[in-house]
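Enquirer: Protein sequences, first through last, are from chains A and B.
Heads up, the first sequence is in our numbering, so the first residue is 83 and it goes up one at a time.
Heads up, the second sequence is in our numbering, so the first residue is 5 and it goes up one at a time.
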Amino acid sequence: MSSINFLKPDRTNLNTFLYLGSFLFFISILDVFLNSFFRLNLTGFLPNFLSFLLPLILGFVGLYFIRIEYSGIKNLDLLNKHINTNNFNAVLSLLIIFIIIKSLPPILSWFVIDASFAGDTKDVCTGSGACWTYIKVWMRRFMYGMYPNAEQWRINLSFVALVLLGSVGYFATDKFKKYLTLYYVVIYPLIAFLFIFFFISGGPVFFDFSYGIIAAILSIIIGFFIPSKFKFYYFLIVPLALYVILKYFLFFEEYIELGKLDGLNWVETGAWGGLSLTFIISFFCLIFCFPIGMAFALGRRSEFPLIRYISVGFIEFWRGVPLITVLFMSAVMFPMFLPEDFFIDKLVRAIIAISLFEAAYVAEVIRGGLQALPRGQYEAAKSLGMGYWKMHIFVILPQALKLVIPGIANTFLALVKDTPLIFVVGLLEIVGMLNLAKTNPKWLGFAMEGYVFAAIIFWIICYAMSKYSYNLEQKYKTDR
Amino acid sequence: MNFKLKDIVPQLITVLAVVLVFGFFTYNAQINMENRGIDFGYGFLSQESSFDVQFSLIEYDGSHSYFRAYLVGLLNTILVSVIGIIIATILGVIVGIARLSPNYLINKFAAFYVEFFRNIPLLLQIFFWYFAALRALPLPQDAEAMFGVFFLTIKGLYVPAFIWQNFNIFFYSIIAAIIAIIVIRAHAKKVQENQGKQIPVFLISIGLIFILPLLSFLIGGVRLSFEVPVLKQLATTSFIYEGGVSLPPELIALTLSLSLYTATFIAECVRAGIQGVGKGQKEAAASIGLTPNQVLKLVIMPQALRIIIPPTTNQYLNLTKNSSLAAAIAYPDLVLVFAGTALMQTGKAIEIVSITMFTYLTLSISISILMNWYNKKIAIQEK
Numbered sequence: 083m084s085s086i087n088f089l090k091p092d093r094t095n096l097n098t099f100l101y102l103g104s105f106l107f108f109i110s111i112l113d114v115f116l117n118s119f120f121r122l123n124l125t126g127f128l129p130n131f132l133s134f135l136l137p138l139i140l141g142f143v144g145l146y147f148i149r150i151e152y153s154g155i156k157n158l159d160l161l162n163k164h165i166n167t168n169n170f171n172a173v174l175s176l177l178i179i180f181i182i183i184k185s186l187p188p189i190l191s192w193f194v195i196d197a198s199f200a201g202d203t204k205d206v207c208t209g210s211g212a213c214w215t216y217i218k219v220w221m222r223r224f225m226y227g228m229y230p231n232a233e234q235w236r237i238n239l240s241f242v243a244l245v246l247l248g249s250v251g252y253f254a255t256d257k258f259k260k261y262l263t264l265y266y267v268v269i270y271p272l273i274a275f276l277f278i279f280f281f282i283s284g285g286p287v288f289f290d291f292s293y294g295i296i297a298a299i300l301s302i303i304i305g306f307f308i309p310s311k312f313k314f315y316y317f318l319i320v321p322l323a324l325y326v327i328l329k330y331f332l333f334f335e336e337y338i339e340l341g342k343l344d345g346l347n348w349v350e351t352g353a354w355g356g357l358s359l360t361f362i363i364s365f366f367c368l369i370f371c372f373p374i375g376m377a378f379a380l381g382r383r384s385e386f387p388l389i390r391y392i393s394v395g396f397i398e399f400w401r402g403v404p405l406i407t408v409l410f411m412s413a414v415m416f417p418m419f420l421p422e423d424f425f426i427d428k429l430v431r432a433i434i435a436i437s438l439f440e441a442a443y444v445a446e447v448i449r450g451g452l453q454a455l456p457r458g459q460y461e462a463a464k465s466l467g468m469g470y471w472k473m474h475i476f477v478i479l480p481q482a483l484k485l486v487i488p489g490i491a492n493t494f495l496a497l498v499k500d501t502p503l504i505f506v507v508g509l510l511e512i513v514g515m516l517n518l519a520k521t522n523p524k525w526l527g528f529a530m531e532g533y534v535f536a537a538i539i540f541w542i543i544c545y546a547m548s549k550y551s552y553n554l555e556q557k558y559k560t561d562r
Numbered sequence: 005m006n007f008k009l010k011d012i013v014p015q016l017i018t019v020l021a022v023v024l025v026f027g028f029f030t031y032n033a034q035i036n037m038e039n040r041g042i043d044f045g046y047g048f049l050s051q052e053s054s055f056d057v058q059f060s061l062i063e064y065d066g067s068h069s070y071f072r073a074y075l076v077g078l079l080n081t082i083l084v085s086v087i088g089i090i091i092a093t094i095l096g097v098i099v100g101i102a103r104l105s106p107n108y109l110i111n112k113f114a115a116f117y118v119e120f121f122r123n124i125p126l127l128l129q130i131f132f133w134y135f136a137a138l139r140a141l142p143l144p145q146d147a148e149a150m151f152g153v154f155f156l157t158i159k160g161l162y163v164p165a166f167i168w169q170n171f172n173i174f175f176y177s178i179i180a181a182i183i184a185i186i187v188i189r190a191h192a193k194k195v196q197e198n199q200g201k202q203i204p205v206f207l208i209s210i211g212l213i214f215i216l217p218l219l220s221f222l223i224g225g226v227r228l229s230f231e232v233p234v235l236k237q238l239a240t241t242s243f244i245y246e247g248g249v250s251l252p253p254e255l256i257a258l259t260l261s262l263s264l265y266t267a268t269f270i271a272e273c274v275r276a277g278i279q280g281v282g283k284g285q286k287e288a289a290a291s292i293g294l295t296p297n298q299v300l301k302l303v304i305m306p307q308a309l310r311i312i313i314p315p316t317t318n319q320y321l322n323l324t325k326n327s328s329l330a331a332a333i334a335y336p337d338l339v340l341v342f343a344g345t346a347l348m349q350t351g352k353a354i355e356i357v358s359i360t361m362f363t364y365l366t367l368s369i370s371i372s373i374l375m376n377w378y379n380k381k382i383a384i385q386e387k
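This is the structure we're talking about:
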């Protein structure tokens, strides 16, 4: 018993153990540190095997010596509580500290110290570090794809305008707050669409698509004035009918010419690319997949069996297949299903495919929220005499959507992370551009830099999105 | 008869719309195929494929049929998914538990891992491993052996091949061991429920799974030898390894990135599951005198598993579906072999894409049925 006590600190002999333990711990860290930063081997005189393991053994003994339940010294207690609770934890902590110290120098030297930043040819990249010159030279391609250099201000201007218009909600006074939903659901997408349609493309690229958008938005606006009794039939028939009328009865060649703005060159979608294309695709898919998903979530909980079966079939089908096959379908199979003279741009096809695919996931998330609501909410709304649409729009959906903010954010994150897959239809966003740049004979051998660069960008976007969704969740949290 | 027009009309309109859309598509497809001179049918499956596949689990070359090519792709997909699921589960459980560790460093390390890998697109990770990380590996002639028998080179990982004699006896012995373990577990459960006695099932199981195969070596005449890969010179600068099993770099990159990526999600499921078990459960179990191990095994885990399994099933499904990204780095999976090469050769877009989608649907549904069955088995039996 005494021998065990001899090796454990208590209040009386604390100082001895503390000094000895900290010294050993310090030595072990110092050894690893010098080894990795200055290539000095303090324990070189020992046999190889022992020299390799010595820091771990020293550190372990040191941590063992200073482990005490309560010492009264604040820092020591914190250390013991957090990294030194028992032998196993002590070893793991030491290993992690060693890994961090060991991996810092190579990472730092690759990223910064040995990296080359200057110049604009491959010749400057002779060091062992990263060649950021490569990123610098290709920056425009990574950001804008094959979009002509002289026209890139159009993309910049559009994005700045859209960000400004999108942040209107933060500055709206209370008087205008009630119109915000209308603004974000109808007006903002329309403006965004016009920007992309007229400004970035500068031509008739989205013409077919635009009929759909116009039909949808017109029917939503008129929908506000339709009595709720007929709303279902209305939304079933009118958007499609409007689309058909616009497309087949009001179609004039001159309108295509109208779509072009004077002084803007037409840039076909094949030339779009880079990070800006990632944003465009994510933006449109976000806008489209949300209402489609909501419709199918409601359809899956409908009391009409046929509508329910169709919704279940739709959701389970898209959820069961990988996105890459969906894009394959949109690339090779979908054109077979359309009339011969009917051409849909491949960017539009990709957007439709991704939207439908993600809509199924959104639908499942929203269904979770709908199911989590207590029955009382439905019954209370019905007893107030609300119809199906009124009940859902004013009572059920606001609560259900609030509940599923994290799930929806996850789906949107997945969407952003899925955009690189559009390489299947031949569109090159940032990852696709990287693969293209990698094969350029003048710039061979810099794959690593490119991927690290893209990874950092995606990481920042996704991390920011997940933090933002967390904030939203906290903001709208209501205690039940 | 409570026949209501109000109930019937919306359904009819919806069905009509769906039927119209499908009819429109079919009509167009027929006209298009007529114009291009393609006929619809699955007869091409038995034709000779005349293309080669780099890596296949079953015997295959250009003289086999398209159906055989489909099987090759399917098996490769399943191979990647199974390996990925196993590694992702092990890694995910470890990281998930590490995220709950009281040790600050371990906790933060696990959190860093999760935040890092889940926020980078999977395709980018696959490209990174395949085009950047694995390309930095040595050439075959420069490779150093790991443990003397593994060779990790730019052309793939070479591992020794097992050469068995009387393999079937060894196989039967393993099956016997598994059956014995299942029987013993069931018995132990019964004993525990009736008499409250604990039988050390885990130790017995470990013993069985080692001893029975060992017996098959001693008595059953099973012999195992290894074929270690050997470096062979093809030309002055071209070397390969012969013998052993070679795992192509595509497979390594794919399984690595798939499992690293999916493990982050599984880790979050595990963490949520363990946190979801009420603190009172732990305290109650400890207060009736169970040891910490027993608390974990008999109280926490059975309850946590109920929370963990449904979302984890989703992650398994995602992994299986994500394995189709293999096409991007030319690993011959279902999408690349069948929806890629075979489609280019035959031009049967509708048939091939529909078969591919149907296969993935079947895979997804079978995994979810399997996991639903397991979930039902461990769910609370309400009395």
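All residues carry an ideal CB built from backbone N, CA and C; glycine is no exception.
Helix, strand or coil: how does DSSP classify A/G251 here?
Expert: On the first sequence, position 169 is the one that residue 251 of chain A refers to. Reduced to three states, the DSSP call for A/G251 is helix.
Enquirer: Among all the DSSP beta bridges, which residues are the ones paired with A/Y558?
Expert: Translated into the one-based positions of the first sequence, residue 558 of chain A becomes position 476. According to DSSP, A/Y558 bridges with nothing at all.
Enquirer: Can you confirm whether B/F135, when its beta carbon is compared against all beta carbons of chain A, has any partner nearer than 8 Å?
Expert: Position 131 of the second sequence, counted from the first residue, corresponds to residue 135 of chain B. Yes, contact with chain A.
Enquirer: At which residue ranges does the segment 110-147 of chain A contain complete beta strand (DSSP E) runs of 3 or more residues, listed in the order of the chain?
Expert: none
Enquirer: Does chain A have any CB closer than 8 Å to the CB of B/E254?
Expert: Here residue 254 of chain B corresponds to residue number 250 of the second sequence, with the count starting at 1. So, not an interface residue.
Enquirer: With DSSP run on the structure shown, which of helix, strand or coil describes A/W354?
Expert: Walking along the first sequence from the start, residue 354 of chain A turns up at place 272. A/W354 falls in the coil class under three-state DSSP.
Enquirer: Starting from A/S175, find everything on chain B with Cβ-Cβ shorter than 9 Å and list it in chain order.
Expert: Locating residue 175 of chain A in the first sequence gives position 93, where the first residue counts as 1. By Cβ distance, chain B contributes N107, Y108, L109 and I110.
Enquirer: Considering only the beta carbon of each residue, do B/V205 and B/I179 sit closer than 8 Å?
Expert: Residue mapping note: residue 205 of chain B aligns to position 201 of the second sequence, counting from 1. Residue mapping note: residue 179 of chain B aligns to position 175 of the second sequence, counting from 1. The answer is no: Cβ separation not under 8 Å.
Enquirer: As a quick exercise: from A/I296, A/G514, A/V447 and A/T501, pick the residue whose alpha carbon is nearest that of A/V486.
Expert: Here residue 486 of chain A refers to the residue found at position 404 of the first sequence. For the residues A/I296, A/G514, A/V447 and A/T501, the minimum Cα distance to A/V486 belongs to A/V447.
Enquirer: Measuring only the C-alpha atoms, how far is B/E119 from A/Y545?
Expert: Walking along the second sequence from the start, residue 119 of chain B turns up at place 115. Walking along the first sequence from the start, residue 545 of chain A turns up at place 463. One C-alpha to the other measures close to 8 Å.
Enquirer: Interface residues of chain B around A/F386 at Cβ under 7 Å?
Expert: One-based indexing of the first sequence puts residue 386 of chain A at position 304. Neighbours of A/F386 on chain B, chain order: D11, P14 and Q15.
Enquirer: Taking the alpha-carbon positions, what's the A/M83 to B/A190 distance?
Expert: As a position in the first sequence, residue 83 of chain A is number 1, starting the count at 1. As a position in the second sequence, residue 190 of chain B is number 186, starting the count at 1. With a pLDDT of only 39 at A/M83, under 50, the local geometry of the prediction cannot be trusted, and the value read off the model is given with reservation. So the alpha carbons of these two residues sit roughly 44 Å apart.
Enquirer: Under 7 Å between beta-carbons, which chain B residues line up against A/N130? List them in chain order, please.
Expert: Translated into the one-based positions of the first sequence, residue 130 of chain A becomes position 48. Residues of chain B passing the Cβ test: none, with the nearest at roughly 17 Å.
Enquirer: If the cut is a Cβ gap below 8 Å, which residues of chain A does B/E119 touch?
Expert: Translated into positions along the second sequence, residue 119 of chain B becomes position 115. Those are Y545, listed as they occur along chain A.
Enquirer: Please list the terminal residues of the continuous alpha helix (DSSP H) segment that includes B/Q279.
Expert: As a first step, residue 279 of chain B is located in the second sequence; it is residue number 275 there, counting from the start. Counting along the chain, the alpha helix (DSSP H) containing B/Q279 begins and ends at P253 to G280.
Enquirer: Assuming B/A330 contacts B/L340 under a Cβ cut-off of 8 Å, what Cβ separation, rounded to an integer in Å, is found between them?
Expert: Here the question's residue 330 of chain B lines up with position 326 in the second sequence. Here the question's residue 340 of chain B lines up with position 336 in the second sequence. 6 Å between Cβ atoms; contact.
Enquirer: Which residues bound the beta strand (DSSP E) around B/F155?
Expert: Taking the first residue of the second sequence as 1, we reach residue 155 of chain B at position 151. Its beta strand (DSSP E) spans residues F154 to T157.
Enquirer: Bridge partners for A/C213 per DSSP, in chain order?
Expert: Taking the first sequence and counting its residues from 1, one reaches residue 213 of chain A at position 131. Paired residue(s): A/S198.
Enquirer: Whose Cβ in chain B lies nearer than 9 Å to the Cβ of A/E422?
Expert: Position 340 of the first sequence, counted from the first residue, corresponds to residue 422 of chain A. Residues of chain B passing the Cβ test: N32, I35, N36 and N39.
Enquirer: Any C-beta of chain A sitting closer than 8 Å to the C-beta of B/M5?
Expert: Your numbering for residue 5 of chain B matches position 1 in the second sequence. With a pLDDT of only 46 at B/M5, under 50, the local geometry of the prediction cannot be trusted, and the value read off the model is given with reservation. No - not a single Cβ of chain A is within 8 Å of the one on B/M5.
Enquirer: Helix or strand or just coil, what does DSSP make of B/R227?
Expert: Translated into the one-based positions of the second sequence, residue 227 of chain B becomes position 223. Of the three classes helix, strand and coil, the one that applies to B/R227 here is strand, per DSSP.
Enquirer: Quick one: what's got a C-beta closer than 8 Å to B/W168's C-beta in the same chain, skipping five residues either side?
Expert: The sequence position of residue 168 of chain B within the second sequence is 164, counting from 1. If we look at B/W168 and ignore the five residues flanking it on each side, its Cβ neighbours are F174, V226, R227 and L228.
Enquirer: In chain order, what residues of the same chain lie with their CB nearer than 6 Å to the CB of A/D500, ignoring the 5 residues before and after it?
Expert: As a working note, residue 500 of chain A is residue 418 in the first sequence. Excluding residues within five positions, the ones whose Cβ falls inside 6 Å are L405.
Enquirer: Hey, out of B/G211, B/Y364 and B/M305, whose CA is closest to A/A401's CA?
Expert: Here residue 401 of chain A corresponds to residue number 319 of the first sequence, with the count starting at 1. Here residue 401 of chain A is Arg; the residue named in the question, Ala, does not match the sequence. Selected option, being the one with the closest Cα: B/Y364.
Enquirer: What number of angstroms, rounded off, separates the C-alpha of B/A137 from the C-alpha of A/N522?
Expert: Position 133 of the second sequence, counted from the first residue, corresponds to residue 137 of chain B. Position 440 of the first sequence, counted from the first residue, corresponds to residue 522 of chain A. Cα to Cα, B/A137 sits roughly 19 Å from A/N522.
Enquirer: When we look at the beta-carbon of A/R121 and count the other beta-carbons within 10 Å, is it buried (16 or more) or exposed?
Expert: In the first sequence, residue 121 of chain A corresponds to position 39, counting from 1. That one is exposed.
Enquirer: Contact check, A/F275 vs A/I302 under 8 Å by CB: the rounded distance?
Expert: Locating residue 275 of chain A in the first sequence gives position 193, where the first residue counts as 1. Locating residue 302 of chain A in the first sequence gives position 220, where the first residue counts as 1. Contact doesn't hold; Cβ gap of about 14 Å is too wide.
Enquirer: Count the CB pairs spanning the segment 176-195 of chain A and the segment 208-220 of chain A that are closer than 8 Å, and state whether there are at least three.
Expert: yes
Enquirer: If the cut is a Cβ gap below 7 Å, which residues of chain A does B/T360 touch?
Expert: Your numbering for residue 360 of chain B matches position 356 in the second sequence. Within 7 Å Cβ-Cβ: T407.
Enquirer: With DSSP run on the structure shown, which of helix, strand or coil describes B/E52?
Expert: Translated into the one-based positions of the second sequence, residue 52 of chain B becomes position 48. Strand, per DSSP.
Enquirer: For A/M468 and B/G280, I'd like the C-alpha separation in whole angstroms.
Expert: The residue labelled residue 468 of chain A in the question sits at position 386 within the first sequence. The residue labelled residue 280 of chain B in the question sits at position 276 within the second sequence. One C-alpha to the other measures close to 37 Å.
Enquirer: Below 8 Å on C-beta distance, what does A/W192 contact in chain B?
Expert: For the purposes of this step, residue 192 of chain A is taken as the residue at position 110 of the first sequence. The premise fails here: A/W192 is roughly 12 Å from chain B at the closest Cβ pair, so nothing lies under 8 Å.
Enquirer: Candidates B/V97, B/I94, B/I87 and B/N111: which alpha carbon is nearest A/L174's?
Expert: Your numbering for residue 174 of chain A matches position 92 in the first sequence. Of the listed residues, the one whose Cα sits closest to A/L174 is B/N111.
Enquirer: Would you mind giving the Cβ-Cβ distance between A/G144 and A/G103, rounded to the nearest angstrom? I have them listed as a contact below 8 Å.
Expert: For the purposes of this step, residue 144 of chain A is identified with residue 62 of the first sequence, where counting begins at 1. For the purposes of this step, residue 103 of chain A is identified with residue 21 of the first sequence, where counting begins at 1. That pair is a contact at about 5 Å.
Enquirer: Among the candidates A/L324, A/G227 and A/I512, whose CA atom is the shortest distance from the CA of A/E350?
Expert: Within the first sequence, numbered from 1, the residue matching residue 350 of chain A stands at position 268. The shortest Cα separation from A/E350 among A/L324, A/G227 and A/I512 belongs to A/G227.
Enquirer: For B/K236, which residues in the same chain have their Cβ closer than 8 Å to its Cβ, ignoring the five residues on either side in sequence?
Expert: Working through the second sequence from its first residue, we reach residue 236 of chain B at position 232. Contacts found: F243, I244, Y245 and E246.
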